[in-house]
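By UniProt numbering, the letter at position 49 of the sequence shown is numbered 49, and the numbering carries on one by one without gaps.
Even for Gly, the Cβ is constructed at its ideal location relative to N, Cα and C.
Since this is a predicted model, take the numbers as computed values, not measurements.
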Amino acid sequence: MWPRPAAAFWPPISSAWATPASPTSPTPSTYPARYLDAWFDALGPAQAASPVVHDWGGTLAFDRAARRPRRVRSLAFTETIICALAG
1 MWPRPAAAFW
11 PPISSAWATP
21 ASPTSPTPST
31 YPARYLDAWF
41 DALGPAQAAS
51 PVVHDWGGTL
61 AFDRAARRPR
71 RVRSLAFTET
81 IICALAG
């Protein structure tokens, strides 16, 4: 039959935009991407995910898919902002 899907929930990233002011701190545009990278890494080194994203989550997911295509199986998106992330 169908393989058992792995379900995971990622908290909203709105608080991720507030980063500490430090020369080594990530920029507001790269901090959420690093947070998403850590979330994917927590799934396991060989696990590919199929994120369902909305708004800025789509920007992050497309960035992730471009940087690490083997870790993103597919994307489902709605009302997504498509732009390149700085950094």
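- By the C-beta density criterion, T78 is exposed, having fewer than 16 other C-beta atoms within 10 angstroms.
- Per DSSP, the beta-bridge partners of D55 are T80.
- For the pair V72 and A48, the CB atoms are nearer than the 9 Å cut-off.
- If you compare the alpha carbons of Y35, G44 and L60 with that of P51, the shortest gap goes to L60.
- Counting only residues of its own chain and dropping the five nearest sequence neighbours on each side, A65 has a CB closer than 7 Å to the CB of V72 and L75.
- The distance from the Cβ of I82 to that of D55 is about 11 Å, inconsistent with a contact at the 8 Å cut-off.
- The three-state reading of DSSP puts A49 in strand, counting E and B together.
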